[in-house]
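> Heads up, the sequence shown stops at 1181 in our numbering, and the numbers go up one at a time, no gaps.
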Amino acid sequence: MRSVWILQLVLLLALTSRATGLSIPLEVEQPPTIIRHTSGPLIVLPFDYTVKIKCEARGNPTPEYRWTKDGKDFIPPLTTTNSTAHTNGTIVLYNKLLAQFQGKYRCYASNKLGTAMTEEIELIVPSVPKFPKEELPPTVVKEGEPIILRCNPPEGVAPRQIYWMSIGLQHIAQDERVSMGTDGNLYFSNALQNDSRQDYCCFASFHRIRTIVQKSAVAVVVKSLKADNESSGGGDASPPARIPSLLLPSGVQTEKVLLKGETLQLECIPQGYPTPKVRWMKMGDELPSQTEFNNFGKLLTISAVEERDGGKYMCTAENSAGEAVHYFDVIVEEPPKWLTEPPPSQLTVIGSDVHIKCSVSGKPPPDITWRRNGELFRDDPQSSRRVFDDTLVLHNARPEDSGVYQCDASNSHGGVLANINIMVMNVAPRILTKDNQEYAVILGGDMVMNCSVFSSPPPIISWTRDETPGIIQGERFFTLQNGSLRIISAQKDDSGKYVCFAFNTEGNTAITAVLDVKDPTKIVAPPQDMQVISGTRAQLTCQAEYDKSLRGSFEVVWRKDGQEIAPPFEENSRYSVDDGMLQIMNVNLSDQGQYRCTARTSLDEDDATALLTILDVPDAPTNLQRSELNSPRNISLSWVPGSDHNSSVTEFIVEFEESQWEPGRWKELQKVPGNQATAELALHGHLNYQFRVYAVNAVGPGPPSEPTERYKTPPAAPDKNPENIKIQGHLPHQMDISWEPLQPIEHNGPGLEYKVSYRKLGVEDVWREHLVKRHSFVVRNTSTFVPYEIKIQSRNSHGWGPQPKVVTGYSGEDVPTAAPRDVAVEVFNTTVLRVSWTPAPPATVRGHLGGYNVHWLRKRSLLNPNKILDERQSMSFPGKRTHAIVPSLQPFSEYRLTVNVFNKKGNGPNSDPVTFSTPEGVPEQVPVLTASNAQKDSILLVWGPPLETNGVLTGYLLQYHHINETTLEVVDSREINISVADTTQWQLQGLNEGSLYRFHLSACTRAGCGPPLAQESSTIAQARAEGQQSDFSTQGWFIGTMCAVALLTLVALMACFVRRNKGGKYAGTPPPPQRQDMFSMEKVKEKEDLHPDVESQGMNDDTFCEYSDSEEKPLKGSSLCSLTGDDAVGDGVSRDSLVDYADGEGEFDEDGSFIGEYSTRKHGGSISEPSGPRQVTA
């Protein structure tokens, strides 16, 4: 088992180690490991102020650094240190001294356990590029001969670009004949006469150092062949043909060596006449797919070459005179590289064998050099340290074999270097993880508790529960290769202490880990999708449950469309978050989106999303288009609806504005359903229109569109005639005609006027016509109240309007001349009667029948026939009728009644008067009732007579009830008829001692008894009676006082009633609440009196409306009723309301029944006026 653990650790180290060293905690002593250094070459630019060459290593003890330059020790001018980690070996070189520091550098980091080293770092300090100052002789050739203008550009910081230009910086034109080679020279395959010029200049550009240098100009002189050909008598002679040959490259074959991945460039620049063409091929194979041809076919380019791209290539230059060829032997090589990974560092036990294999590849094959701690390490056959080419072997390794071994593999193209830390030791386990480390995990989550151990040989690691003996086992528990314990799906009972135990052959150790399983965070009230109207407030709630021990780290974070809404919010911010609730004030369309609520602690989180939709008014429609339909005044308007902002458009409103009558004022023209984007518009003539459209949705109306261009309609005849024609007769012999004029926009043209036509209905055939510009006309000298036919037609300068409609009206009215006849009355009860009459002849009404006025005069009370009262009242009954109901009469009184007809002009004469009397009624309630002088078996009752007896008072009815004071139930009831009318007190005898009595007293006439007044009192007990006997002489004064109080109360009540009667019972002052209860019995009685037989029950067909207290004064107003008169309190039922006569509904039918409330005024004058003749409306 132990060997298995050792093998596992060795494998782990092999997998996790890197060329830079073992992953050993820094607390453990270890040799240096280079962790950071500058890779060469390092090129210094002229404007670099300083240059840093970095070298940083880790190790324990802290490494010390030294440098070499070109293989010799080098002391840097300045070394920086890093106080937060290890000493830093970086060197800094200053610009002024850089030239002297050019060379190859190597950094060494050392401590007592070994030395690590870097690859060589080449520092290149290029000089400023420049051409030598020289005077170049002119190049003189004959026409047709080749020319080579050499550039020889200076070296400098790559990349370098070469240009051939004139002194005036004009580029030299290049083509198949003239071109620049990769070496910077300018090649002419054959010279022509026009190649002669004095300013061929070569320019070299180094853009990294922002430098361009120029070579001295060179002159080219091309001699013409014409002089040579003049002797032969030829004309314009061409150069003789020349067989091609190659200006570049020279010879027959060139070897081209380059590195894998570089770009291959093969160049063939020929000379000859005519200008040769160049062809390319690969011997025995096709050209690679990435092959490109540049510089007019003279340059073959293959990018990112592979080894398979090597081989023989051939270029052929050919013209009419022959051809020339050149061969290229392309060899693709590569610098050394690791076949897999650099050799890993190793930790091994004393006495084991150590094998270090340096597996590299390269072409040519690399040479491998071994070093130990930076010093050359050679094979020693006589010792246990052997070198076998790419492998170093340490047999039976000892602690002194520990150190840093370097494998340096190089060929002609470069090299690679690896530092391999070899640690040979035996050490007891050392647990590097902190003891009593606390871990927290969410219920159901996975947890790894660390136990990092360093030892040699590798340790065996096991885990136990603190309170449970034995190694932890179970399908949810796993010990990882690095010694950590992994728990899958942690449960609450997994909380507690755990022990990590590590041991090997050298010793053992242990640490404790504490695990706490927390409750998960869960959103219990997530935000809900919602729609909010723009400008209002949006509230998104997010309530979460979490482990209370994590309260300090709990927070709720809101995001909108992935972007966090982060507090703190500014004072005027529209966002606020309180207890998980996000509030957005004054929302707008930019707030629409998906909101994510994240409730999180330091261990876990839960989130929920909601979609916030903003409802807003629709955007303005766009792209309004106008087109004519069948006439210029009938057009079609179309538009493109704007965004409805999540609330469907219900309608579009088309508005117009015209510049003639009301410029700048927009008016609604037409409504269009929300699913329609066109409207057909009928327009008025002679107007200069412009139109706009706005949309309406459930949120409200949106902004209007941009107005259209103005559209002018042609003038036309009016499309309509005046409406609402009214015919009135303010005077008896004239007829006033008025109408609603056309609106200015309805004129359709200039010169609007109206033709008024009228004739007598059924009498005249010829229309009388008048043209007017105003909207009224008066016909004079008419007969009184004669029907006319009237029509009104509009016209303007462009013609007449449509044929008008004919309306009928009447000329002026006059007051009626006859009175109703056969007036008769039928008395129903003490306060209500029915009056009937024969209507006045229609011809005598002389106008529209308004209705009838009924006037009645209360002449005297039959109780006091010698006193003349002269109390006048009246009521108006609109419409055609022959009878009416008259309410609110006083009982036991004599009346005189007349009737007259009225129209709008006034009242006709009164009818002959009818005299009648009302029967007796029941008295009013007695005003006061007191109980006094209570003895053990008697009580004295004192009262005042009723203020209104409504008849001849015959006496009183006294009822008294014995009351159980505990249950308030009636024990015994008795009544006494007091037949003496002027009696105002009564001594009740034979009562029970110490008992409670309730007394009811009603006044009576021959018609019956009125409403009772109640009073309660108690007899006294025996003991109190004896005390009163001894003190009776002192109580006489009490009776006298009570009588005086009763008399004063009676006088005050009479004064109140008199004052009240001056205002009238029905003037709006309701009776006291308690009196309603008292009157309820009498109301029922009188209601029964109102329906003694079938005929009286039919009185609901009568109606009364208005009244006046003057017989001569005309009545005005509507159908509301009013009553006047000296009302007394006594007969409360018949004067309270007429609702009882309308079956509780408070209104009667049109033929005369009661239709509403009524009120009473003393000498109140007219209340309202019947509508009378109405205006005729067309």
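Beta carbons: idealized from backbone N, C-alpha and C, even for Gly.
Predicted, not measured: the structure shown is a model, and the values here were computed from it.
Using a 10 Å radius around the Cβ and a threshold of 16 neighbouring Cβ atoms, would you call V181 buried or exposed?
Here the question's residue 181 lines up with position 178 in the sequence shown. By the neighbour-count rule (16 or more Cβ atoms within 10 Å), V181 is buried.
> Please state whether the Cβ-Cβ distance between Q1018 and L932 is less than 7 Å.
Locating residue 1018 in the sequence shown gives position 1015, counting from the first residue. Locating residue 932 in the sequence shown gives position 929, counting from the first residue. For Q1018 and L932, yes; Cβs fall inside 7 Å.
> Could you give the residue range of the alpha helix (DSSP H) that holds V828?
On the sequence shown, residue 828 is found 825 positions in, with the first residue counted as 1. V828 -> not in any alpha helix (DSSP H); beta strand (DSSP E) instead, spanning R824 to V830.
> Cutting at 6 Å between CB atoms, please list the residues of its own chain near I127, excluding the five before and the five after it.
To locate residue 127, count along the sequence shown from 1; it is residue 124. Once the five neighbours on either side are set aside, the close Cβ partners of I127 are P44 and I46.
> Beta-carbon separation of P242 and E146 under 7 Å?
Mapped onto the sequence shown, residue 242 falls at position 239. Mapped onto the sequence shown, residue 146 falls at position 143. Against a cut-off of 7 Å, the Cβ pair of E146 and P242 comes out as a contact.
> Between the alpha carbons of W770 and A822, how many angstroms are there, rounded?
Taking the sequence shown and counting its residues from 1, the one referred to as residue 770 is at position 767. Taking the sequence shown and counting its residues from 1, the one referred to as residue 822 is at position 819. So the alpha carbons of these two residues sit roughly 37 Å apart.
> Quick one: what does DSSP say S556 is sitting in, helix, strand or coil?
Taking the first residue of the sequence shown as position 1, residue 556 is located at position 553. Note: S556 maps to helix in three-state DSSP.
> As a quick exercise: from S579, M1045 and K563, pick the residue whose alpha carbon is nearest that of P570.
Position 567 of the sequence shown, counted from the first residue, corresponds to residue 570. Per the Cα distances, S579.
> Count the other CB atoms, across all protein chains shown, that sit within 10 Å of the CB of R61; report buried if there are 16 or more and exposed otherwise.
The sequence position of residue 61 within the sequence shown is 58, counting from 1. With 16 or more neighbouring CB atoms inside 10 Å of its own CB, R61 falls in the buried class.
> Take the Cβ of E295 as the centre, count every other Cβ of all protein chains shown within 10 Å, and call the residue buried at 16 or more, exposed below.
If you number the sequence shown from 1, residue 295 lands on position 292. Classification for E295: exposed.
> Got a sec? Which residues, its chain only, sit under 8 Å from P717 by beta carbon, not counting five neighbours each side?
Position 714 of the sequence shown holds residue 717. Excluding residues within five positions, the ones whose Cβ falls inside 8 Å are P635, R636, G688 and H689.
> Quick one: what does DSSP say A102 is sitting in, helix, strand or coil?
Against the sequence shown, residue 102 aligns to sequence position 99. Of the three classes helix, strand and coil, the one that applies to A102 here is helix, per DSSP.
> With DSSP as the reference, label I871 as helix, strand or coil.
Within the sequence shown, residue 871 is the residue found at index 868, counting from 1. The answer is coil: DSSP assigns I871 none of H, G, I, E or B.
> In whole angstroms, what is the alpha-carbon distance linking K1090 and P894?
What you label residue 1090 is simply residue 1087 of the sequence shown in a count that begins at 1. What you label residue 894 is simply residue 891 of the sequence shown in a count that begins at 1. Residue confidence for K1090 is low, a pLDDT of 38 falling below 50, so the modelled location carries little weight; the figure read from the coordinates is stated next. Looking at the backbone, the Cα of K1090 and that of P894 are separated by about 15 Å.
> CA-CA distance, I170 and C318?
By one-based count along the sequence shown, residue 170 stands at place 167. By one-based count along the sequence shown, residue 318 stands at place 315. So the two alpha carbons sit approximately 35 Å from each other.
> State the start and end residues of the unbroken alpha helix (DSSP H) segment that holds P845.
The residue labelled residue 845 in the question sits at position 842 within the sequence shown. Per DSSP, P845 belongs to the alpha helix (DSSP H) from P845 to V848.
> Using the C-alpha atoms, what's the distance from N700 back to L585?
For the purposes of this step, residue 585 is taken as residue 582 along the sequence shown, with counting starting at 1. For the purposes of this step, residue 700 is taken as residue 697 along the sequence shown, with counting starting at 1. Computed Cα separation, rounded: 28 Å.
> Could you check the C-alpha separation between N591 and D647 for me, to the nearest Å?
Counting from one through the sequence shown, the residue named residue 591 turns up at place 588. Counting from one through the sequence shown, the residue named residue 647 turns up at place 644. Rounded to the nearest whole angstrom, the C-alpha separation of N591 and D647 is 14 Å.
> Leaving out five residues before and five after L483 in sequence, what residues of the same chain have Cβ atoms less than 8 Å from its Cβ?
For the purposes of this step, residue 483 is taken as the residue at position 480 of the sequence shown. Excluding sequence neighbours, L483 sits near V451 and R489.
> In or out: L50 buried (at least 16 other Cβ within 10 Å) or exposed?
If you number the sequence shown from 1, residue 50 lands on position 47. The question names Leu, but residue 50 is Phe in the sequence shown. It counts as exposed.
> Look at the alpha carbon of T834 and the alpha carbon of F780, and state the distance between them as a whole number of angstroms.
On the sequence shown, position 831 is the one that residue 834 refers to. On the sequence shown, position 777 is the one that residue 780 refers to. One C-alpha to the other measures close to 52 Å.
> DSSP beta-bridge partners for Q409?
In the sequence shown, counting from the first residue as 1, residue 409 sits at position 406. R374 and N422.
> Kindly confirm or deny that the stretch 874-893 and the stretch 928-945 touch, where touching means at least three C-beta pairs closer than 8 Å.
no
> Provide the residue span of the beta strand (DSSP E) that contains C318, from first to last.
Start at 1 with the first residue of the sequence shown, and residue 318 comes out as number 315. That run of the beta strand (DSSP E) goes G314 to N322.
> Report the rounded CA-to-CA distance for A801 versus I748, giving the unit in angstroms.
Along the sequence shown, one-based indexing puts residue 801 at 798. Along the sequence shown, one-based indexing puts residue 748 at 745. In the sequence as displayed, the identity of residue 801 is His instead of Ala. In a straight line, the C-alpha of H801 is about 15 Å away from that of I748.
> List the endpoints of the continuous beta strand (DSSP E) containing F191.
Here residue 191 is taken as the residue at index 188 of the sequence shown, counted from 1. Looking at the DSSP string, the run of the beta strand (DSSP E) that includes F191 is L189 to F191.
> Among the residues of its own chain, which have a CB less than 7 Å from the CB of R401, if the five just before and after it don't count?
Reading the sequence shown from its first residue, position 398 is the one you call residue 401. The beta carbon of R401 sits closer than 7 Å to the beta carbons of I353 and V427 from its chain, once the five residues preceding and following it are set aside; these are given in chain order.
> Is S537 buried or exposed, if buried means 16 or more other CB atoms sit within 10 Å of its CB?
Translated into positions along the sequence shown, residue 537 becomes position 534. Buried, because 16 or more other Cβ atoms sit within 10 Å of the Cβ of S537.
> Compute the Euclidean distance between the alpha carbons of F919 and S998, then round it to the nearest angstrom.
Here residue 919 refers to the residue found at position 916 when the sequence shown is read from its first residue. Here residue 998 refers to the residue found at position 995 when the sequence shown is read from its first residue. The alpha-carbon atoms of F919 and S998 are separated by roughly 52 Å.
> Below 8 Å, how does it come out for the stretch 600-607 and the stretch 553-561: are there three or more Cβ pairs, yes or no?
yes
> Can you give me the C-alpha to C-alpha distance between E951 and E927, rounded to a whole angstrom?
By one-based count along the sequence shown, residue 951 stands at place 948. By one-based count along the sequence shown, residue 927 stands at place 924. So the alpha carbons of these two residues sit roughly 6 Å apart.
> Where R109 and P368 are concerned, what is the direct C-alpha to C-alpha distance, given to the nearest angstrom?
Walking along the sequence shown from the start, residue 109 turns up at place 106. Walking along the sequence shown from the start, residue 368 turns up at place 365. Answer to the nearest angstrom: the Cα atoms are 24 Å apart.
> Mind checking which residues open and close the beta strand (DSSP E) that includes Q534?
Walking along the sequence shown from the start, residue 534 turns up at place 531. Looking at the DSSP string, the run of the beta strand (DSSP E) that includes Q534 is M533 to I536.
> Please name the residue, chosen from P805, S253, V224 and A327, that lies closest to I246 on a Cα-to-Cα basis.
Numbered from 1 along the sequence shown, position 243 holds the residue referred to as residue 246. Checking every option, the nearest Cα to that of I246 belongs to A327.
> Tell me which same chain residues have a C-beta within less than 6 Å of the C-beta of E683, skipping the five on either side of it?
Translated into the one-based positions of the sequence shown, residue 683 becomes position 680. Excluding positions up to five away in sequence, the list reads S639.
> For A547, which option in N869, S797, A541 and I526 has the closest C-alpha, if you only look at C-alpha atoms?
Taking the first residue of the sequence shown as 1, we reach residue 547 at position 544. The shortest C-alpha separation from A547 is found at I526.
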